[in-house]
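**Q**
Protein chains: 2
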Amino acid sequence: MRYELYYWNGIPGRGEFVRLALEAAGARYVDVARHDGGEDAMIELMDGRRIVRPPFAPPFLRAGRIIVGQTANILLFLGPRLSLAPASESGRLWTHQLQLTLADLVAEAHDTHHPIASSLYYEDQRREAKRRAGHFVAERIPKYLDYFERVLGRNPRGARHLVGGRLSYVDLSLFQVVEGLTYAFPKAMARMARGHRNVLGLRDRVRELPRLAAYFASERRLAFNEGCIFRRYPALDL
Amino acid sequence: MRYELYYWNGIPGRGEFVRLALEAAGARYVDVARHDGGEDAMIELMDGRRIVRPPFAPPFLRAGRIIVGQTANILLFLGPRLSLAPASESGRLWTHQLQLTLADLVAEAHDTHHPIASSLYYEDQRREAKRRAGHFVAERIPKYLDYFERVLGRNPRGARHLVGGRLSYVDLSLFQVVEGLTYAFPKAMARMARGHRNVLGLRDRVRELPRLAAYFASERRLAFNEGCIFRRYPALDL
Numbered sequence: 002m003r004y005e006l007y008y009w010n011g012i013p014g015r016g017e018f019v020r021l022a023l024e025a026a027g028a029r030y031v032d033v034a035r036h037d038g039g040e041d042a043m044i045e046l047m048d049g050r051r052i053v054r055p056p057f058a059p060p061f062l063r064a065g066r067i068i069v070g071q072t073a074n075i076l077l078f079l080g081p082r083l084s085l086a087p088a089s090e091s092g093r094l095w096t097h098q099l100q101l102t103l104a105d106l107v108a109e110a111h112d113t114h115h116p117i118a119s120s121l122y123y124e125d126q127r128r129e130a131k132r133r134a135g136h137f138v139a140e141r142i143p144k145y146l147d148y149f150e151r152v153l154g155r156n157p158r159g160a161r162h163l164v165g166g167r168l169s170y171v172d173l174s175l176f177q178v179v180e181g182l183t184y185a186f187p188k189a190m191a192r193m194a195r196g197h198r199n200v201l202g203l204r205d206r207v208r209e210l211p212r213l214a215a216y217f218a219s220e221r222r223l224a225f226n227e228g229c230i231f232r233r234y235p236a237l238d239l
Numbered sequence: 002m003r004y005e006l007y008y009w010n011g012i013p014g015r016g017e018f019v020r021l022a023l024e025a026a027g028a029r030y031v032d033v034a035r036h037d038g039g040e041d042a043m044i045e046l047m048d049g050r051r052i053v054r055p056p057f058a059p060p061f062l063r064a065g066r067i068i069v070g071q072t073a074n075i076l077l078f079l080g081p082r083l084s085l086a087p088a089s090e091s092g093r094l095w096t097h098q099l100q101l102t103l104a105d106l107v108a109e110a111h112d113t114h115h116p117i118a119s120s121l122y123y124e125d126q127r128r129e130a131k132r133r134a135g136h137f138v139a140e141r142i143p144k145y146l147d148y149f150e151r152v153l154g155r156n157p158r159g160a161r162h163l164v165g166g167r168l169s170y171v172d173l174s175l176f177q178v179v180e181g182l183t184y185a186f187p188k189a190m191a192r193m194a195r196g197h198r199n200v201l202g203l204r205d206r207v208r209e210l211p212r213l214a215a216y217f218a219s220e221r222r223l224a225f226n227e228g229c230i231f232r233r234y235p236a237l238d239l
């Protein structure tokens, strides 16, 4: 199977959670919108009049005749196919539950720089952004990191993975979220190091996985930037 | 199977999406936190030291030995068990994709009255709320309603359901979202009636389903209120 990933060119964004799973599994895929005409093809699949099941927004994935949208749903679909999810139903639901919790955190991280509207520039909602980011850094990052620290610490198979004794897609997503938060809020995240040893240990191990280390060194990996979810605005790193 | 639903007492909130599925299917369930000591039992399942797979937040559902958290994940689990999801994998993914899109809309609706922090009162973020609500009403509600109108209009089995030719849990969730938006933004939603005939037709039909009509007439159905996601603050109904 050759997968087709559709996501905006130039930003890691939510597409990166899917890319990490494909890369970690050594899957064959095309990052469609990064090729000539690819962004038009992506928009046609969302807005074309003949599309019976249009995705609301990127990312979405084409696998043969099926098109799957919503990041967590794509990973739910890919998990068993890429051997990045447990075999049991309860294990898959638990993995997906953690992924949806990360999705909530990602949406909150985005809204630190866009608390009023995605249609406005950051510069037009700076005052509100600073206020929201203060609460995000003081209350929300610790709440989420404490939670994932606890989940890792309680895993009966050990704190090396979030689910069971093997790598799953949600380990990769937690890695990406920690990387993103560290990019956007370096000072705040430096303070969080204490008390989140399991989370940071997982981050370090994922970074060194051979396939991912090769991916990170390639031009396929996109750097965080200020067009993306995780943005480095020093005024918000409180 | 007798299901146990865990959700804050006194508000419909996200728990209501699960309740609607259970009620529409005539399932046996207990709304745990609405009974004496139930809220303590709920908090114990989240914060207790011996809980191996703690949910991050309510709602969550207990079914025998399994505990499932995250609203959309609970519905993913219940769908086939309550005959409220298609049989095929592609149909289930599509249903779940639509549910996750509704979840995004619900989170945005919540943030109209809490654009800065959930930990603050609405009264402490009124100015920002008004600004965010203006964009939500002008840009986001139409974008989402247009999308669901299109999905209904393109369903090869007809516009009576979002997925295939039968009722699924996402029909119930769309109903609840439209009811919530109409409660919170009555003037804005009155303007939206034009051009969203499929969505409003579905809303009307779900309201009349015999089991749900009985549920709505019972004391089990909780009214929308200002402690919930959808709040009627006239200043925000722009």
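Those protein sequence lines, which keep their order, are chains C and L. Using this note's numbering, you'd call the opening residue of the first sequence number 2 and step up by one each time. Using this note's numbering, you'd call the opening residue of the second sequence number 2 and step up by one each time. Here a beta-carbon is modelled for each residue, glycine too, at the ideal position from N, C-alpha and C.
List, in chain order, every chain L residue whose beta-carbon is nearer than 8 Å to that of H97(C).
**A** Q71, N74 and L77
**Q** Is the shortest distance between the beta-carbon of A118(L) and the beta-carbons of chain C less than 9 Å?
**A** yes
**Q** How big is the Cα-Cα spacing for A236(C) and K131(C)?
**A** Cα to Cα, A236(C) sits roughly 7 Å from K131(C).
**Q** Around the C-beta of A191(C), are 16 or more other C-beta atoms found within 10 angstroms, so that it is buried, or is it exposed?
**A** exposed
**Q** Would you mind working out which of I12(C), M2(C), E24(C) and C229(C) sits nearest A218(C), comparing C-alpha positions?
**A** E24(C)
**Q** Cβ of R161(C) less than 9 Å from any chain L Cβ?
**A** no
**Q** Given a threshold of 16 other Cβ atoms within 10 Å of its Cβ, counted over all protein chains shown, does G65(C) qualify as buried or as exposed?
**A** exposed
**Q** I'd like the list of long-range same chain contacts for H111(L), defined as Cβ closer than 6 Å, with 5 residues on each side in sequence excluded.
**A** Only I230 meet the Cβ criterion.
**Q** F57(C) touches chain L at which residues, Cβ-Cβ below 7 Å?
**A** T102 and Y148
**Q** Using CA coordinates, which residue listed in A185(L), M193(L) and R133(L) is at the minimum distance from P116(L)?
**A** R133(L)
**Q** Taking the continuous beta strand (DSSP E) assigned at G70(C), which residues delimit it?
**A** I67 to G70
**Q** So, is the C-beta of L94(C) closer than 9 Å to a C-beta in chain L?
**A** yes
**Q** Check each residue of the stretch 117-139 of chain L: if its Cβ is closer than 7 Å to any Cβ of chain C, include it; give the result in chain order.
**A** I117, A118, S120, E129, R132, R133 and H136
**Q** On the three-state DSSP scale, how would you describe F61(L)?
**A** strand
**Q** Between the C-alpha atoms of V31(C) and P187(L), what's the straight-line distance to the nearest angstrom?
**A** 45 Å
**Q** Tell me, to the nearest whole angstrom, how far the beta carbon of L76(C) is from that of A22(C); I am working on the premise that it is less than 8 Å.
**A** About 6 Å separates the beta carbons of L76(C) and A22(C), which is inside the 8 Å limit, making them a contact pair.
**Q** Using a C-beta cutoff of 9 Å, does Y8(L) count as contacting chain C?
**A** Cβ-Cβ to chain C under 9 Å: no for Y8(L).
**Q** Going by beta carbon distance, what residues of the same chain come within less than 7 Å of R232(C), once the five residues before and after it are set aside?
**A** H114 and A185
**Q** Enumerate, from N- to C-terminal direction, the unbroken alpha helix (DSSP H) stretches of 4 or more residues contained entirely within the stretch 48-130 of chain L.
**A** Whole alpha helix (DSSP H) segments, 4+ residues: 72-82 and 90-114.
**Q** Tell me which residue opens and which closes the alpha helix (DSSP H) that D32(L) is part of.
**A** Run containing D32(L): none in the alpha helix (DSSP H); it sits in the beta strand (DSSP E), R29 to D32.
**Q** Within the 9 Å Cβ cut-off, does I142(L) reach chain C?
**A** no
**Q** Please tell me whether L103(C) and S174(C) are closer than 9 Å, where the distance is taken between their beta carbons.
**A** yes
**Q** Here's a check: name, in chain order, each residue in its chain whose Cβ is nearer than 7 Å to the Cβ of A73(L), leaving out the five neighbours to either side.
**A** Counting only Cβ-Cβ distances below 7 Å, and skipping sequence neighbours, we find H97, Q100, L101 and A104.
**Q** If we call anything under 9 Å between Cβ atoms a contact, is L203(C) one with D172(C)?
**A** yes
**Q** Which residue marks the beginning of the alpha helix (DSSP H) containing Y145(L), and which one marks its end?
**A** I142 to R155
**Q** Report buried or exposed for V179(L), applying the criterion of at least 16 other Cβ atoms within 10 angstroms of its Cβ.
**A** Burial check for V179(L): the Cβ neighbour count within 10 Å reaches 16 or more, so the residue is buried.
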